[in-house]
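Taking full-length UniProt numbering, the leading residue of the sequence shown gets 1, the next gets one more, and so forth.
Where a beta carbon is used, it is the ideal one built from N, C-alpha and C, also for glycine.
Since the model is a prediction, treat every value here as computed from it, not as a measurement.
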Amino acid sequence: MLEPVATVIANTVLCGRSHLERPLPLQSISKIVTNRYPSPRRSLSSDFFNPQPRRVTRTEKGKAKATLFDETVQPSLPGQAWEWSCTNGRVVFPFKRMTAAYKTRPPKRPSFQRSVSYHVQRHTHTRISPRLLSYSRPSHSNHGQQKRQASQVADAYNSVPNPAGSSSERFKRYNIIMPSGPRYDRKLIAVQHLRRVLGSSMETLNVDEALAVYETVHLENALDFLSVEELLTFFERVLDVADKHYDRSTSIAWLQVWGTQLGCGIRGLDDRIRLFSDYQCRQQCLLGRATALAGHLEKAATLVQGAGELFVEYEERWRMLHAYESVFSAMYRYSDNTQVLDFVVNNWKTLGSYLSRWSRDHHYDKTLIYGRSLRQKTLEIISDIQQPIPLLKAMEQRDDWRHQRAGQVLVEAYCEAKLPLMALDVLNELKRQNINVPLNFHLFLVQRLVMEEAMGPAKALFASIPSGTLFKYYLQIGLYLFAHDGDIERTLYFWQKLVAQQWQNEIDIGMLMQAYATNGDSDQVATLFDQFFPYDEELGRRRNRPKIYHYAIAIYSHAQKGDIAGLNHWLGEIARINLQPDVYVFVMIMRAFAKRGDLKSVATVLTQMRENGIPPNQATYNNLITILAHRRDPMGAEIIYKRALNEGIEPNQRMLMAVMNAHVEAGSWRGAIRIFDYVRTNSRMNIRLTIETYNTILKAYVLIGAPYRITSKLFERLEQLNVRPDSYTYALITQSACDSGLMRTAKQLFKRMKQESENWANNVEVTVYILTIIMAGHLRHGQPTEARAVYNEMLERNIQPDSIAYSTILHAYGNERSEESLKLAENFIRGLITAEDRTWMTASGGKTTALEHIYGPLMKIYARMQRVDDVERLHESLIEEAGGEPTLGTLTTLLDAYRRVGNVGEIQRLWRQIFEMGKEYAKDPSLYLISETPEDPTRIRLQSNILCVPLSIYVDALSAAGLHEEIPVVWKTFQEEGFFFDSNNWNHLIVALVRAGEVARAFHIAEKIILPFQRQALNVGEQRELRPFSPLTFVSKGSAEDKQEDNEEEYNPQTRVSGWKLRRRTVRRNTRRLGKDLALDYDAPEFAMDFAAPLQFLQQISPAWNIWQLHQFSVRSMIWAYESLRKGHLVKAVPPAGTARESVGLNPANKDTEKAEVLFQYLHEQYPDTCGLLAEYRKKLKQKYGNERYREIFEISD
């Protein structure tokens, strides 16, 4: 029975641990032996493991004493045993056989501090609250004023189980095995359970299980065998896990239960911790955290503040910071974030050095780590304040320094949360209240605005800073701003200022390179790279060790031009030096390719990202949506948007604008209006109406053909909304003026734009786009002199015309259709191809797209003039002289040329080539960038309309040549390959069926396919949800695939007005109908206040809004067949050798009155809507041409 003596010696002397404060008498040791190992004959009561009610003896005076156990069964330890149990030594099992029956071997105890602080006091018993492990329901009165999560509290109380029945049931649930019998030391096993919790990982630690283990130790009266260090560490670990539940769906009632239990346990250490010791600060911080968890916020804050006032070594102050973080999280959960802001402002002297961006890094070790964590959590909570302006207005009566500090904290919080526009609102409100804000906050906000691509507000804010400011941070931010804007002149100015003071660093070097990379000047970027990071042959590497972001900028300069060879050069150098590409490298490449719609390159980058283990992020999805917008696929864009949400990526303004632009590009006006309304009514802080939003909706007006009176009203409305127009805004409003034929107005707008561009702070710049719009307007209105002047201005401004500008000039040459103009056009093309400077070839979407822009206009002119030889010659020049490749666009133009001259053999040969190219395109591996499933609806959308135009040409050519039997075969094959038909295809099929003599089938298509789609679209166009719950139109409910099927009939690609001629006719028609037919008032309130209201009206009357309608050529074809049947003539099929007019004229050979009358009656009975529509058209045509001319056109004779 002297084994414990050896244990004491081993734990104090042999192991080198601290000795007890006084020698341990042998008598005490004998008492330990007697008390710790009682006789086997002594049995435990049946309710030993269950909490007992409070018992009060009659002999007690005053307040009743409370005990957890009955005194008859609760073992007591002498004072000497208490001292022995307070050591930090390892507890050794006295007998090996004691552990033999314990099947699960306890893990090795973690290496805690082995020495005991001299501050630890020894007492004969511990003070433990009788309600330590009570599961009483929380009181409602304590938190009656909760502002957050209040709706959850009532239900949460009922969700807390009441384990008052038996504690052993809870122990069994958490695998806490406490074997009975005299051979087992229950206390040591309970302690071992708790130490196992100490050794577990934070990921596997469960709060309820940990508290159940602690309850087991407490019920076994084994807390004496655990040191203060161990118990404090236990509470720290449990609180760390409990803190994570602030951000989860855990009910408030559970948090209160945990906090109450932990607080009681922490208070139980009061008698074991000496005042003013390190343990006291540590305990008080833990008690503050537990109190905050229980919902007693003021008391928790007081405790943590008191801990901070204690004298503690710097290395231990991190515990106070950790406690503050827990208290702030509790404030946010139980109250609101404004309370956190008030506390931070009032205690700035204590917290400021850890929360401020400019002093946080002055700390070190754990204090630095936990200070950063506190700053991140605090700013995260404060940045969720939805309405900061009313809050600041309410603070106007406060002290200036508190007011100023609150504004600064808000600015910094919003900037860190990537909400710079909210921060700008706060800064402007502070300026309005004459509250001084240091310049470093202005500069920090400028940087964040640039990072979110809000260049207009960034320039305006930077311009408000006095120009004489020349300190380092100001110069660096100026360099950062103008480098990202591509302003070489101002970038060099700030760079030279930094160099003069020898303040430049590696990041500044990168910004200098960024300025040239933004403009796509890869040669200058390479020169700077070699200048600052020269290659050392002896070392075999570059000097000064360039960072990955330097390589990313170099890569971006080539990606701007689509220069794959340049990209590969820099990627190869990165691989040679074993530098791991980061997400910014991939995003920069993807972004550049996305601007040009290069799907294959984006797919390649995505593959490389997967191979490097880099998951897609927010910028990646922005690029994907931009790609689909260029391809006019709004449904695919919405699927990508929803997929990003499902992967936990929070959408931002850019992502929403990319989806909205996809709708606008495709002419899906309903989708564009829905997103605009969503942004307008949404309460999320990172989504608001910005100039990008207004530009996108204004673009919709231009593409739908809105009258200039509407667009000008909207343009003027921007000034009333305090929204500054940028270069893109001026380009759109100028385009609208040109489409309306108001060239004088367009020139006035251009003059105003040039005046504003003189001040760089306006974020207005004369670009190639606005000059191309003005030049094209003059050319289309027969003003070549004015157009030439604009072109000369372009050259004077050192603006390189792109392929679109040259395409505009070639269109003007071709439209004259004179031999001289056509020859000038060909010479112009030849000059561009043979020139040494071919910047235009890479500036607008790559070489293939640029060559199509150059050759396409003249090829189409020759095709319309039926000059097939010239079309073939230009196509060969594109391939052989310019080094281009055949595209679907150029091959379709060639197919149209063959159709116009009736060369059926070449048509059939070329169709096979076009069809195979379309199939290869549809099966391109790059389409798997969205999904690896071939049945993905987005892949189907990507292949839906790529062959619609050549199919219509081919069907028309076959029917005109009398090859009627080939049309069903082509139609079926087209459908089996997964391609979709558009309205134009169905209209051409109607004409083909009439030519084949299948009049009933032609009427059936009109009645059952086209007209129902038209009615459905009309109904949809009249509907508008002013406060949509989601920005999505096609995939807002259910799965993406289900929604795709549901909206199959609602969505139709390519419904915008294409081509300036059609857009100009549409503008005139809409102007007439808006002013007369619909009698709309341009000055009505809904037009002035609601930016999307006119678009809602326009989408119902614009011909481009609804492609699903019977076209003029198909209506005339059916009218001709209808009149033939009415006169008793059957419609015969066009023979292979003839044409429709020659074979099916009203001649006696075709007359079969009886059959014609039967068919005529059948059409009226089966297809009443189509016949009614034809009657309306016949009436309009008779009014237009007169009866005689009408009869001549449709070969009607009495």
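According to DSSP, residues forming a beta bridge with Y535
R542
Contact between the stretch 628 to 640 and the stretch 656 to 663 (3+ Cβ pairs under 8 angstroms)
yes
Spatial neighbours of L310 in its chain, beta-carbon cut-off 8 angstroms, leaving aside the 5 residues before and after:
F276, Q280, C281, Q284
Assuming A517 and Q560 make a contact with CB atoms under 8 angstroms, what is their CB distance in whole Å?
7 angstroms
Whole angstroms is fine: what's the gap from E916's alpha carbon to L947's?
10 angstroms
Relative to the C-alpha of F1034, which residue among T772, S467, G671 is closest?
G671
Classify S818: buried if its beta carbon has 16 or more other beta carbons within 10 angstroms, exposed otherwise.
exposed
Does the Cβ-Cβ distance between D1169 and L989 come in under 8 angstroms?
no
According to DSSP, simplified to helix, strand and coil, what is Y474?
helix
Straight-line CA distance for L599 to L1032?
23 angstroms
Apart from the five residues just before and just after T367, which ones in its own chain have a Cβ nearer than 6 angstroms to its Cβ?
R317, W318
Quick check: L475 and L498, are their CB atoms within less than 8 angstroms of each other?
yes
Would you call the CB atoms of G259 and A294 closer than 8 angstroms?
yes
When the distance is taken between beta carbons, is S712 closer than 8 angstroms to I697?
no
What does the alpha-carbon distance come out to for the pair E638 and W669?
14 angstroms
Which residues in the same chain as E881 place their Cβ atom closer than 7 angstroms to its Cβ, once the five residues preceding and following it in sequence are excluded?
I833
Helix, strand or coil, according to DSSP, for V33 in the structure here?
At V33 the pLDDT is 32, less than 50, meaning the model places this residue with poor confidence and gives no usable figure here.
Assuming S557 contacts S522 (C-beta within less than 8 angstroms), just tell me the rounded distance between them.
4 angstroms
Environment of D361 [buried if 16+ CB atoms lie within 10 Å]
exposed
Please name the residue, chosen from I273, Q256, V312, that lies closest to L297 on a Cα-to-Cα basis.
Q256
Any idea if E315 is buried or exposed, counting beta-carbon neighbours within 10 angstroms, 16 or more meaning buried?
exposed
Cα-Cα separation, E650 to H1164
56 angstroms
Grouping DSSP H, G and I as helix and E and B as strand, with all else coil, what is M202?
coil
Tell me whether the beta-carbon of I621 lies closer than 8 angstroms to the beta-carbon of A603.
With the sequence shown as reference, residue 621 is identified as Tyr, and Ile is not the correct amino acid for it. No, the Cβ-Cβ distance between Y621 and A603 is not below 8 angstroms.
Please list, in chain order, all residues of the same chain as R402 whose beta carbon is under 6 angstroms from its beta carbon, the five residues on each side excluded.
V345
What is the C-beta distance between A996 and S959, in whole angstroms, given that I count them as a contact (C-beta under 8 angstroms)?
7 angstroms
Inter-residue spacing [alpha-carbon to alpha-carbon] between P388 and V605
41 angstroms
Considering only the alpha carbon of each residue, which of L910, A458, G777, L421 lies closest to M685?
L421
Can you confirm whether the stretch 1151 to 1161 touches the stretch 975 to 983 when touching is taken to mean that 3 or more C-beta pairs between the two stretches lie within less than 8 angstroms?
no
Is it buried or exposed, L858, if we count other Cβ atoms within 10 angstroms and call 16 or more buried?
buried
With respect to the alpha helix (DSSP H) encompassing A706, which residues constitute its N-terminal and C-terminal limits?
Segment: none, A706 is in no alpha helix (DSSP H) and carries neither H nor E.
Which same chain residues, not among the five before or five after E836, have their C-beta less than 6 angstroms away from its C-beta?
none
For the stretch 459 to 474 and the stretch 734 to 747, state whether three or more C-beta atom pairs, one from each stretch, are separated by less than 8 angstroms.
no
By a C-beta neighbour count over all protein chains shown, 10 Å radius and 16 as the cutoff for buried, is M202 buried or exposed?
exposed
Nearest by alpha-carbon distance to M511: which of R1116, E885, L479 is it?
L479
Beta-carbon proximity list for L721, same chain, < 6 angstroms, skipping 5 on both sides
none
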